[in-house]
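Residues 1 to 495 (the numbering used here) make up the first sequence, in order.
Cβ atoms here follow ideal geometry from the backbone N, Cα and C, with glycine treated the same way.
Working notes for the structure below.
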Amino acid sequence: MTSDASRPEARGPRGFIDRRARDLAAERRILAAVAEVYERYGFEALDTGAFEYADALGKFLPDADRPNEGVFALQDDDEQWMALRYDLTAPLARFAAQNWETLPKPFRRYAFGPVWRNEKPGPGRFREFVQCDADTVGSARPEADAEIIAMAVAGLEAAGLPAGSAIVKINNRKLLNGLMTAAGVTSEVQKLVVLRAVDKLDRLGPDGVRLLLGEGRKDESGDFTKGAGLTAAAAERVLAFTAAGAGDRSGTLDRLAGVVGGSAEGDEGLAELSAIDAALTGLGVGAERAAFDPSVVRGLEYYTGAVFEAELLLQTTDDKGQPMRFGAIGGGGRYDDLVARFTGERTPATGFSFGVSRLAAALKAAGRDLAADSRGPVVVLVLDQDRMADYMAVAGELRAAGIASEVYLGTSGMRPQMKYADRRLSPAAVIIGGDEFAAGTVTLKDLDLGRALASGVTDNAAWRAERPGQMTVPRTELVAAVRRIVSSATPGDAA
RNA sequence: GCCGGCUUAGCUCAGUUGGUUAGAGCGCUAGAUUGUGGAUCUAGAGGUCCUCGGUUCGAGACCGAGAGCUGGUACCA
1 MTSDASRPEA RGPRGFIDRR ARDLAAERRI LAAVAEVYER YGFEALDTGA FEYADALGKF
61 LPDADRPNEG VFALQDDDEQ WMALRYDLTA PLARFAAQNW ETLPKPFRRY AFGPVWRNEK
121 PGPGRFREFV QCDADTVGSA RPEADAEIIA MAVAGLEAAG LPAGSAIVKI NNRKLLNGLM
181 TAAGVTSEVQ KLVVLRAVDK LDRLGPDGVR LLLGEGRKDE SGDFTKGAGL TAAAAERVLA
241 FTAAGAGDRS GTLDRLAGVV GGSAEGDEGL AELSAIDAAL TGLGVGAERA AFDPSVVRGL
301 EYYTGAVFEA ELLLQTTDDK GQPMRFGAIG GGGRYDDLVA RFTGERTPAT GFSFGVSRLA
361 AALKAAGRDL AADSRGPVVV LVLDQDRMAD YMAVAGELRA AGIASEVYLG TSGMRPQMKY
421 ADRRLSPAAV IIGGDEFAAG TVTLKDLDLG RALASGVTDN AAWRAERPGQ MTVPRTELVA
481 AVRRIVSSAT PGDAA
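This is how it looks when you write it as structure tokens:
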């Protein structure tokens, strides 16, 4: 026996979570539904390894001082730095560059799997989480963006988000660049600060953003964020731009043209959005599902054209019943320079990704808790230790008939076994003791029936005497009788 | 990174100006009930009061440092 001092504490690293059957079933269902949609749009599945060489992941290169900044990195035995992927886009860029000669172009693929980020976990934010991503590499057409957007909309709905509960908001980086020019922003640093400020519009509101555009803002925790230092007039201009989105897409475009039209880059962005609008209309996606919104910024450098963000519209509440802001459940955009890092050749690409467990949480908040029906197996009770083979035979028969079942493998008596079956949310228990063996029968107990009756029973003697939902049938009718009980069990709710 | 809050049983938490043997509810185990789930009753197990140092006759409580957790904020590919 290990001494107390050397015994490890049973706990996982922070930011990593254990997920049980309930959550896994929900996520699996989402992925199956989304994959089906994505494949219907002509995207092929791709899986790449968890590790990439660090230089392939882009600007978050480990260096000698801080090799793990942002990513989980380690040195291979040949001393090359490799790191766990932090998203699915960077591995795609690497894959596309590596296989460019032989790929059908444009290359359309989707992927899902865990990604890892070595940063401080927050509420709903983990250091390992499952992402689902779809991209088109090698097409600069706005229709490629429109298709990704339409597919995102269809995917979210297929996963179970009711129509109208989420909207994809679309913007274009080129408009933002045009706006910067109009607002007199010249330095790259200042531009970044302005973009970050705009990105916080949904959380801080126009007043908070106005502060960030000007001198700066002090938050409730007393932390001060330095502002962009714009003049009041310039700040108002930026705010006016972000407020220009509302209603139908072409109307929004007209208003935006009034603010950023005229600059070469702004006009280019407007033309792209106009083409996206037409394509979306052709695909049957209206403004209630995909709208232009100039306040969408997404990330910082990386994106080069259209950017989009899927936002949950439902009023949601947290565990304590407090209303909460759910925010974005996914996002993406056009990144024309990512593959060029490998090939030196500019390769247009666009994509969308979402967090799978985040979507699962959104579905739960939307009242579509797909995880509810994780019922346990039929439990075969062991009353005679010497007849294990007979019990195994029973479970085998049930399994062969497609009914999930198991023999109780503990050593406790009958009552704990019943308790076990109850706790597993088993639909039924199979009871075969000396009486049944002698008579060639089996006793079956419909546990759901007992669960339903339990609330009305106050006296234990009566409860036990009643034997709710219990029946004895000939051994030969075992499978048929169990099937009747199991198929009448409520899938979602055991109570 | 910056700012706050918290840390006592498996869980949720009490614990009086610093004073005997540190408590409750839930959960767990056993019994009432030897072949029956819920409820009830009874009994039991379960503690480095986060760690180290200091003050004191005496610290779960006060002081200092550290760790962990948590909320916000910054960053976010």
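Straight across, the Cα-Cα distance linking G138 with D219 is about 43 Å. If you draw a 10 Å sphere on the C-beta of K419, you find fewer than 16 other C-beta atoms in it, and that means exposed. Per DSSP, the unbroken beta strand (DSSP E) holding G113 starts and ends at F107 to W116. In the DSSP assignment, S353 is bridged to D133 and G331. Using a C-beta cut-off of 8 Å, the stretch 286–296 makes no contact with the stretch 348–362, since fewer than three inter-stretch Cβ pairs fall below that distance. Buried is the label assigned to R109, since at least 16 other Cβ atoms lie within 10 Å of its Cβ. A straight-line Cα-Cα distance of about 22 Å links P416 and A489. The C-alpha of T472 is placed about 14 Å away from the C-alpha of E466. Judged by DSSP in its simplified three-state form, L46 adopts coil rather than helix or strand. In the structure shown, F308 adopts extended strand secondary structure according to DSSP, grouped into three states. Between the stretch 376–394 and the stretch 330–338 there are fewer than three C-beta pairs closer than 8 Å, too few to call the two in contact. Counting the other CB atoms within 10 Å of its CB gives Q131 a total of 16 or more, which places it among the buried residues. In this structure, DSSP gives K200 a state outside helix and strand, which the three-state scheme calls coil. Take V356, set aside five residues on each side of it, and the residues of its chain with a beta-carbon closer than 8 Å to its own are E27, I30, L31, F112, F129, V130, Q131 and C132, in chain order.
Between V115 and L179, the CB-CB gap reaches or exceeds 8 Å. Take F51, set aside five residues on each side of it, and the residues of its chain with a beta-carbon closer than 8 Å to its own are M82, A83, L84 and R85, in chain order. Remark: C-beta atoms of R424 and G376 approach each other more closely than 8 Å. Inclusion of V307 and T242 in the CB contact set at 8 Å is not warranted, their separation being larger than that value. Residues of the same chain with a CB within less than 6 Å of the CB of G269, apart from the 5 flanking positions on each side, are N172, K174 and L175 in chain order.
Distance from the Cα of T89 is smallest, within the candidate group A73, P121 and L46, for L46.
Burial is judged here by how many other beta carbons sit within 10 angstroms of a residue's own beta carbon; A454 has fewer than 16 and is exposed. Listed in chain order, the non-local C-beta contacts of A35 below 8 Å within the same chain comprise A45, Y110 and F112, local neighbours out to five positions each way being set aside. Per the C-alpha coordinates, the member of V378, R483 and L312 positioned closest to G164 is L312. When secondary structure is reduced to three states using DSSP, N99 falls in the coil class, being assigned neither helix nor strand.
Within a 10 Å sphere around the beta-carbon of R20 sit fewer than 16 other beta-carbons, which makes this residue exposed.
Annotation for V379: the continuous beta strand (DSSP E) segment containing it runs V378 to V380.
In this structure L273 is buried. Its beta-carbon is surrounded by 16 or more other beta-carbon atoms within 10 angstroms. In this structure, DSSP gives S374 a state outside helix and strand, which the three-state scheme calls coil.
One Cα belongs to T441, the other to T476, and the distance between them is close to 8 Å. When beta bridges are read from the DSSP output, M392 appears opposite no residue. Assigned with DSSP and collapsed to three states, L212 falls in helix. With a contact defined as Cβ atoms closer than 8 Å, V379 and S426 qualify at about 5 Å.
DSSP places D248 in the coil class of the three-state scheme, outside both helix and strand.
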